[in-house]
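This report concerns only the one structure given below.
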Ligand SMILES: Cc1cc2nc3c(=O)[nH]c(=O)nc-3n(C[C@H](O)[C@H](O)[C@H](O)COP(=O)(O)OP(=O)(O)OC[C@H]3O[C@@H](n4cnc5c(N)ncnc54)[C@H](O)[C@@H]3O)c2cc1C
Ligand code: FES
């Protein structure tokens with residue numbers, strides 16, 4: 003069960019401070035093929051919401067709009083803790099709002115462990131909390147958290163007594179796992195298993211661009227303009243990546259970048275993460291999980307423009323609901339038109355922190371800046387923060403502005419060399435001046451090579467997109483030369 | 021449950037590559053391979069007073085098959101020897117936490133084997149009878165009875181099942197840490213990130229002379245060498261000019277998202293080599309045979325495995341359709357033609373001990389094999405396995421066929 | 356409620372757990388992963404790998420450039436089994452006919 007506080011919706015409406023600005027509807031980035039997708043105004047903010055729908059939250063109706071995701075709709079209508087965590091049953095709610103962390107898992111449509119922040123709202127969609135009893139806000143098993151105040155070494159727990167050890171194993175088994183098995187289909191019939199779709203040989207793209215944020219979209223545009231056949235994919239529900247989190251860019255910038263890439267001839271697909279590169283299968287295939295089928299693609303060249311994952315800072319109770327990434331606060335504000343807080347603490351000194359703080363303030367939110375939070379207070383939602391200087395402020399949001407970690411997983415799994423560079427966010431893909439990685443035909447650009455920010459990432463993308471197109475055309479020429 | 025601080029740090033474990041202490045000049049026993057087999061032998065030897073041991077491991081402790089397996093432990097076998105050994109191993113696993121002070125999360129939820137054909141049903145019946153004679157509680161079930169144990173199964177098309185409730189699963193890694201810590205506490209020394217690159221036989225003119233084992237971090241002399249390098253053991257044997265018949269076969273495995281407990285036994289399907297269980301953390305962990313694979317030490321992950329496994333799971337448990345895969349990986353099976361391991365000294369090379377060829381069941385065998393190997397090398401009487409599972413059997417054709425093999 | 360510092364949200368691994376593991380002598384990132392369970396949850400380390408890698412560098416004095424990430428394993432994003440189970444995978448190559456070659460010997464898998 004999920005508790006909600008009765009409170010007015012946090013969604014913007016009308017012309018209040020920070021309200022939806024700008025004339026005339028723009029072209030929402032997800033507009034193509036997505037009925038009811040949100041539209042953007044010129045300042046990049048959400049202008050008009052999609053059609054109103056109602057979620058079924060454990061039997062309770064919750065108003066939502068098409069174009070919103072479940073986590074956002076629940077937040078906007080006052081839901082707090084969504085589920086409980088695996089081991090200590092600590093309250094959980096979204097952190098990154100980008101589908102990368104594991105903070106917002108819920109049972110949705112009878113399926114366990116679904117990312118609520120990536121699931122589009124639809125009418126009657128069944129949504130429930132997980133791993134909590136009786137409710138996500140008041141979970142009896144939360145007592146485990148008290149029993150182990152600092153953590154636990156489960157390897158060496160109760161090894162001294164056979165009887166206690168047997169009890170430990172029983173209890174551990176009972177408490178294990180997160181969501182329950184998916185609901186059976188009526189009649190327990192076998193699941194639908196759509197055919198795999200192969201894009202190889204004649205139908206193969208010249209350039210596969212993984213990631214459709216500023217770097218990836220610029221790369222796709224540049225490569226397509228250079229004559230390459232380009233497939234761009236993104237794991238987000240709509241393309242745009244970090245642009246959708248950035249008050250300085252926002253929906254409008256994302257929409258125009260997507261438009262540009264498509265106008266240049268690139269195919270850009272959202273909700274389609276690459277799940278791996280398999281060198282031994284079918285002569286080397288990139289596998290992509292699209293919403294309705296697995297695609298197997300054999301591109302001539304690949305560009306990793308996967309950006310960065312939002313990262314948390316280390317402080318006490320840093321996992322409290324209400325401690326969210328700065329860019330998640332940006333996403334609420336920019337992409338969803340939802341006011342993230344009344345009183346926010348903006349913590350950290352990532353390059354985007356100042357702009358975010360200003361934008362929150364402009365939206366009528368009381369903002370406190372601090373280089374570092376020492377401790378979050380509150381249970382099901384954050385209620386205060388102890389700041390770097392030891393002072394304590396009341397707040398209903400802590401926006402953590404850390405340097406994002408390069409999302410180098412896909413490239414790493416492909417085999418690209420990386421180097422840990424803490425100041426640039428983490429494991430950065432090694433590239434040469436042209437964006438070429440340690441592997442032939444594999445390029446990288448943007449934040450995944452070390453944090454750059456949207457503008458620099460777009461410049462990088464344009465350069466690398468052109469280089470990848472040239473490499474692809476050389477590969478094509480070689481293919482033509484060998485009968 | 022009361023809050024309890026973890027025990028004080030021990031200096032055993034394995035520091036990173038840069039922090040390894042220098043190798044000693046000599047040890048009575050050098051164990052090559054820090055997998056479960058090498059570590060189990062080392063602990064047993066040390067326990068019996070022969071603690072002048074150095075264990076050489078090329079990587080971190082769980083890098084080989086021992087860190088990559090499914091953690092299944094069963095007593096359903098086709099030969100009396102394996103059945104009895106595994107009964108003993110189960111008893112040792114039950115004592116492991118008491119003996120070595122680390123949790124291994126043994127859960128005896130049984131092993132449920134499913135048979136599609138009448139031939140397979142006959143195979144299960146015949147083996148169940150043998151297992152019962154040894155005191156194992158295996159029962160042959162109808163598909164409907166199997167469904168009572170795992171209601172989620174779609175048993176249409178199956179002919180029978182065999183179920184022994186005292187089989188189970190365990191959590192592999194703590195075995196390695198437990199044996200390693202235990203051996204080191206008794207005086208053994210563990211050197212990780214130390215790659216064996218060459219071995220000199222004892223000097224020809226000195227029958228009692230030492231081996232010299234060369235590594236990436238210097239050389240060490242040894243009175244006896246134990247080749248416990250698993251799938252890499254043929255390479256190690258080649259360093260002393262011995263050809264071993266075991267071969268590496270890649271075996272892939274995957275893990276799903278963590279689910280609330282629902283599945284008690286390890287489920288396995290004869291014929292396809294499908295097996296899966298629910299781990300102590302709630303994940304469905306399992307694998308399936310990929311036919312036509314040849315010998316390789318490659319450990320890359322393949323889409324072919326992912327798709328084959330997904331199809332097998334969706335057919336057997338329709339509710340798994342929406343279960344999400346989180347991670348896949350691969351490890352090497354160390355395969356022999358008769359399904360049994362290779363033990364003892366190769367002809368003409370005394371004090372060079374083999375302990376390899378454990379197929380896909382070396383983990384569950386390690387406790388009992390380690391015990392008998394330790395007892396023998398510490399001066400005790402050799403168990404019959406050292407007569408039966410020799411290298412010489414492959415040349416003489418006196419194979420000891422074990423046919424109850426998964427994957 | 357206690358003031359845990361969470362390093363890995365998916366698996367509820369705390370800063371204290373990581374420090375404890377380092378103090379026990381496990382200093383390779385693959386071992387810290389196995390001992391604490393960090394990086395093995397639904398996000399597969401997207402939120403916790405960098406923080407643990409940086410902690411390792413900081414606490415052990417090893418240069419960051421000498422710290423490798425733990426092996427990245429597919430799938431990079433979780434996939435429901437049914438999407439993998441459809442027709443069209445029959446002709447994916449399976450066998451590698453070679454006996455082991457030198458380059459295969461790594462632990463890369
Ligand atoms: C996917 C999979 C699933 C399995 N499932 C099960 C199961 O459910 N139940 C079960 O009982 N068994 C199972 N097994 C089998 C089991 O894991 C093995 O039989 C067992 O771990 C073998 O242990 P080992 O010590 O012989 O080999 P390993 O664990 O492979 O150890 C050998 C060690 O030698 C080291 N080494 C190699 N070369 C050198 C060198 N030159 N110098 C120094 N060190 C070197 C390696 O790094 C390695 O750590 C499975 C195996 C796999 C791959
Ligand atoms: S936060 Fe560590 S695995 Fe997700």
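Residue numbers (the numbering used here), protein chains in the order written: chain P, 3 to 485; chain D, 21 to 427; chain V, 356 to 464. Virtual Cβ for every residue (Gly too), placed ideally from N, Cα, C. Keep in mind the model is a prediction, meaning the values are calculated, not measured.
So, is the C-beta of residue i closer than 9 Å to a C-beta in chain V?
| i | result |
| --- | --- |
| residue 281 of chain D | no |
| residue 491 of chain P | Residue 491 of chain P falls outside the range modelled here, since chain P spans only 3 to 485, and no answer is possible. |
| residue 119 of chain P | no |
| residue 263 of chain P | no |
| residue 152 of chain P | yes |
| residue 376 of chain D | no |
| residue 465 of chain P | no |
So with Cβ pairs under 9 Å, would you call residue i a contact of chain P?
| i | result |
| --- | --- |
| residue 427 of chain V | yes |
| residue 368 of chain V | yes |
| residue 278 of chain D | yes |
| residue 85 of chain D | no |
| residue 447 of chain V | yes |
| residue 387 of chain V | no |
| residue 405 of chain V | yes |
| residue 416 of chain V | no |
How would you list, in chain order, the residues of chain V whose beta-carbon sits under 9 Å from the beta-carbon of residue i?
| i | result |
| --- | --- |
| residue 318 of chain P | 357, 358, 359, 360 |
| residue 105 of chain P | 364, 365, 398, 402 |
In the DSSP output, what is residue i paired with across the bridge?
| i | result |
| --- | --- |
| residue 371 of chain V | Per DSSP, none; premise fails for residue 371 of chain V. |
| residue 108 of chain P | P/116 |
| residue 308 of chain P | For residue 308 of chain P, which the question treats as bridged, DSSP gives no partner whatsoever. |
| residue 247 of chain D | D/52, D/374 |
| residue 445 of chain P | P/305, P/438 |
| residue 136 of chain P | P/141 |
| residue 348 of chain D | D/274 |
| residue 304 of chain D | D/298 |
| residue 251 of chain P | DSSP output for residue 251 of chain P lists no bridge partner at all. |
For residue i, return the contacting residues in chain D, with the cut-off set at a CB-CB distance below 9 Å.
| i | result |
| --- | --- |
| residue 289 of chain P | 323, 326 |
Shorter than 8 Å, the distance from the beta carbon of residue i to the closest heavy atom of ligand 1, or not?
| i | result |
| --- | --- |
| residue 385 of chain D | yes |
| residue 381 of chain D | yes |
| residue 79 of chain D | yes |
| residue 193 of chain D | no |
| residue 271 of chain D | yes |
| residue 76 of chain D | yes |
| residue 256 of chain D | yes |
| residue 236 of chain P | no |
Applying a beta-carbon distance threshold of less than 8 Å, which residues of chain P neighbour residue i?
| i | result |
| --- | --- |
| residue 174 of chain D | 190, 192 |
Would you verify that the beta carbon of residue i is, or is not, closer than 9 Å to some beta carbon of chain D?
| i | result |
| --- | --- |
| residue 444 of chain V | yes |
| residue 379 of chain P | no |
| residue 410 of chain V | no |
| residue 395 of chain V | yes |
| residue 424 of chain V | no |
| residue 419 of chain V | no |
Can you pull the chain D residues whose beta carbon is under 7 Å from the beta carbon of residue i, in chain order?
| i | result |
| --- | --- |
| residue 435 of chain V | 341, 342, 343, 344 |
| residue 283 of chain P | 322, 323, 324 |
Applying a beta-carbon distance threshold of less than 8 Å, which residues of chain D neighbour residue i?
| i | result |
| --- | --- |
| residue 416 of chain P | Within chain D, no residue comes near residue 416 of chain P; the closest Cβ sits about 11 Å away, beyond 8 Å. |
Would you say the beta carbon of residue i is closer than 8 Å to some non-hydrogen atom of ligand 2?
| i | result |
| --- | --- |
| residue 403 of chain V | yes |
| residue 363 of chain V | yes |
| residue 104 of chain P | yes |
| residue 93 of chain P | no |
| residue 394 of chain V | yes |
So which residues on chain V does residue i lean against when the C-beta distance must stay under 8 Å?
| i | result |
| --- | --- |
| residue 199 of chain D | Simply none; closest approach about 15 Å. |
Give the interface partners of residue i over in chain P, defined as CB-CB distance under 9 Å, in chain order.
| i | result |
| --- | --- |
| residue 372 of chain V | 152, 153, 154, 155 |
Does ligand 4 have a heavy atom nearer than 8 Å to the CB of residue i?
| i | result |
| --- | --- |
| residue 119 of chain P | Because ligand 4 does not appear in the structure shown, any question about it cannot be addressed here, the ligands present being ligand 1 and ligand 2. |
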